[in-house]
Structures are given as structure tokens and as C-alpha cells.
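Shown next, in C-alpha cells, is the structure this report addresses.
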Amino acid sequence: MTVRLVARVRPNDLHSTILYPHDDESEERVAMLAGIIQLVSAALVKSTDSDDGPTLRFMKSDDGVIGYCKQGDYVIICEGDSEEAATDAIQAVLDNPGASPKELGSKLSKVVHDRGKEIGDLWR
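The opening residue of the sequence shown carries number 2 in the working numbering; numbering runs sequentially from there.
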């Protein structure tokens, strides 16, 4: 499972926190995130959330899919190879709403590692 980016963004002021990979604050990542935020914000304006909780949505990207959903004042965004990869990563963030960005980064690293190991075991 490849997850290239997981971020938590406040659409009102575009304040963003890159959660995974947590050591990568490069200009390229920030620029990519800014473009994704614009796409996701436009899509969220057109949609309505149900009362059953956050609704995960997806859009195609050049390298896979972008998954996103609203959680309180934030939008959780993930770019991954597949909807399943993005769902697993976003769900890890949604399941830990009070966690710090560092804790979420560690949790996401574990989710990505465990899923990669699972897939690797299928090939043995």
C-alpha cells in the first residue's frame, strides 16, 4: 500500500498539517497540497454530509486517488494508490480525533507498514 500524503487542513484559513510522511515538509509537498486543497474545497462546497458521520469521497489523481472527508473544522486529505489505501489512512486519523500530529504520523506509519506487510505476505 502506498500512501504519498496525509494532511489535515482547515479550509477557512488553509492552515495545513502534513501528518504523513511526518518528516517531509518540502516545498513540493506543500505546493501539491495547495492544489489538492483547492480541488477538495470546490468538491465539498457542492456536496452535503449526512448525519451518520464523515463521508469519505474520492477523486482520481495522476498517481492514484485522493480521498478526503470533513471532520469538524478540518478536512482530512490522503493521496494513495487506491481507494482502499486512502480509506485505511483516513480512517486511522478519524479513529484518533484527539491525537497530536506526531501521534497521528506514527499511527499512519504503522497502518502503512502493516498493510504493506499484509500484501507482501500474499506473494510468499
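Think of the CB as a built atom: it goes at the ideal place given N, C-alpha and C, for glycine as much as any other residue.
In this structure, the straight-line span from the alpha carbon of Ile91 to that of Tyr69 is close to 7 Å. Gly73 is classed as exposed because its beta carbon has fewer than 16 other beta carbons within 10 Å across all chains shown. Exclusion of the five residues before and after Glu104 leaves Asn97 as the residues of its chain whose Cβ lies within less than 8 Å of its Cβ. Under the three-state reduction of DSSP output, His114 falls in the helix class.
Rounded to the nearest whole angstrom, the C-alpha separation of Thr3 and Pro102 is 20 Å. The straight-line gap separating the alpha-carbon atoms of Leu95 and Val7 is approximately 12 Å. Here Val46 is exposed. Its C-beta has fewer than 16 other C-beta atoms within 10 Å.
Val66 is not a Cβ neighbour of Val41, given a cutoff of 8 Å.
Rounded to the nearest angstrom, the Cβ distance from Ala87 to Phe59 is 7 Å, consistent with a contact under 8 Å. Less than 8 Å separates the beta-carbon of Ala93 from that of Lys108.
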